[in-house]
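The listed protein sequences correspond, in order, to chains S and P. Going by our numbering, 51 is the number at position 47 of the first sequence; the sequence numbering is gapless. Going by our numbering, 80 is the number at position 84 of the second sequence; the sequence numbering is gapless. Below is one structure, written out as structure tokens; the observations come after it.
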Amino acid sequence: RKEVEQDPGPFNVPEGATVAFNCTYSNSASQSFFWYRQDCRKEPKLLMSVYSSGNEDGRFTAQLNRASQYISLLIRDSKLSDSATYLCVVNQGGKLIFGQGTELSVKP
Amino acid sequence: NAGVTQTPKFQVLKTGQSMTLQCAQDMNHNSMYWYRQDPGMGLRLIYYSASEGTTDKGEVPNGYNVSRLNKREFSLRLESAAPSQTSVYFCASSDRGGQGANQPQHFGDGTRLSIL
């Protein structure tokens, strides 16, 4: 079993749609959690940290369920510029473990 | 504001050649990391350095060596390149690693390495 698993992609959605990405992790001792965004052939960039209480940043909402070892990312009102690969990332003992990523394509 | 700088950006090697990938950060971060990214595999940690003077193996260290030259610089060396090491290599840094770390990482823009 992979340490961090994400929904298989790609997700193809129209502009304005709401899309949700799911992620599970296997190590219950994981300490912190992030969503990164990676554009084609570019470096990953931090999108947002994920807190136990859930957190929101504009159109993006991240949730963490430690009991189920589950992380989610919700994007509302999708924009063309949201097209990218979204990486679920888990911190285990100071090392970041990356999921394979879920590709999102937002169409006009 | 450079952040994390990697050199070179592109490189083609022949099997058996050696080379060193350079990485430098100007954010005064303690921890630095080397990853490789292959299609369908996500990013995999090769080596990391939690602080100046320390290095540790990651998930896929075989065939690589690293040097934490000083707080700013962390290099990755391929002693005898193999086609299986064809990949995109990313260097990253963060303010603090180790147990209890909760700091995101900042990435360089990658080195695309092809080994023939």
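We put the CB at the ideal spot given by N, CA and C, even for glycine. Bear in mind the structure is a predicted one, so any value in this text is a computation, not a measurement.
Three-way DSSP call (helix, strand, coil) for Leu65(P) in this model: It is coil, neither helix nor strand.
Three-state secondary structure assigned by DSSP to Ser53(S): Looking at Ser53(S) - three-state DSSP - the assignment turns out to be strand.
Cut-off 6 angstroms between Cβ atoms - residues of its own chain near Arg80(S), not counting five sequence neighbours on either side: Thr22, Arg63, listed in sequence order.
Alpha-carbon spacing of Gln95(P) relative to Pro112(S), whole angstroms: Confidence in Gln95(P) is poor, its pLDDT being 43 and thus under 50, which makes the residue's placement too unreliable to answer from.
Reduced DSSP category for Asp86(S) - H, G, I as helix; E, B as strand; rest coil: In this structure, Asp86(S) counts as helix in the three-state DSSP scheme.
Amino acids of chain P, ordered along the chain, whose beta-carbon sits closer than 7 angstroms to that of Leu50(S): Here the neighbours are Pro100.
6 angstroms Cβ shell around Gly8(P) - same chain, five flanking residues per side excluded: The displayed chain sequence assigns Val, not Gly, to residue 8(P). Cβ-Cβ distances below 6 angstroms link Val8(P) to Ser110 in the same chain, with the five nearest sequence neighbours on each side left out; the list follows chain order.
Contact with chain P by Gln67(S), beta-carbon distance below 8 angstroms: At a cut-off of 8 angstroms between beta-carbon atoms, Gln67(S) makes no contact with chain P.
For Arg32(P): DSSP bridge partner residues: Beta-bridge partners assigned by DSSP to Arg32(P): Arg40(P), Tyr85(P).
Cβ separation of Trp39(S) and Tyr74(S), assumed to be a contact under 8 angstroms, to the nearest whole Å: In fact, because the Cβ distance is near 13 angstroms, the residues do not count as touching under 8 angstroms.
The stretch 8 to 19 of chain P / the stretch 69 to 78 of chain P touching (three or more Cβ pairs under 8 angstroms): Taking 8 angstroms as the limit for Cβ pairs, the verdict is that the stretch 69 to 78 of chain P does touch the stretch 8 to 19 of chain P.
Sheet register partners of Gln96(S) (DSSP bridge): The bridge partners DSSP lists for Gln96(S) are Lys99(S).
Spatial distance of Tyr31(P) from Gly98(S) (CA atoms): Straight-line spacing of the CA atoms in Tyr31(P) and Gly98(S) works out to 14 angstroms.
Contacts that Tyr44(P) makes with chain A (C-beta to C-beta distance below 7 angstroms): Given the protein chain composition of this structure (S and P), no chain A is represented.
Neighbour list for Asp105(P) in chain S, Cβ cutoff strictly below 8 angstroms: Neighbours of Asp105(P) on chain S, chain order: Lys46, Glu47.
Nearest residue (CA-CA) to Val56(P), options Arg40(P), Ala88(P), Gln2(P): Taking each of Arg40(P), Ala88(P), Gln2(P) in turn and checking the Cα distance to Val56(P), the smallest one comes out for Arg40(P).
Given Glu107(S) as reference, the closest of Val8(S), Pro14(S), Glu7(S) once Cα atoms are compared: Closest option to Glu107(S), Cα to Cα, is Pro14(S).
Cutoff 6 angstroms; reference Gln101(P); Cβ partners in own chain excluding five residues on either side: Only Ala88, Ser90 meet the Cβ criterion.
DSSP three-state assignment for Ser14(P), whether helix, strand or coil: Coil.
Other residues of its chain near Asp52(P): CB distance less than 8 angstroms, five sequence neighbours each side excluded: The answer, listed in chain order, is Tyr43, Tyr44, Ser45, Ala46.
CB contact below 8 angstroms: Leu120(P) versus chain S: What is shown of chain P runs -3 to 112, which leaves residue 120(P) out entirely.
In DSSP terms, what Arg108(P) is bridged to: Residue pairing from DSSP places Arg108(P) in a beta bridge opposite Phe6(P), Val84(P).
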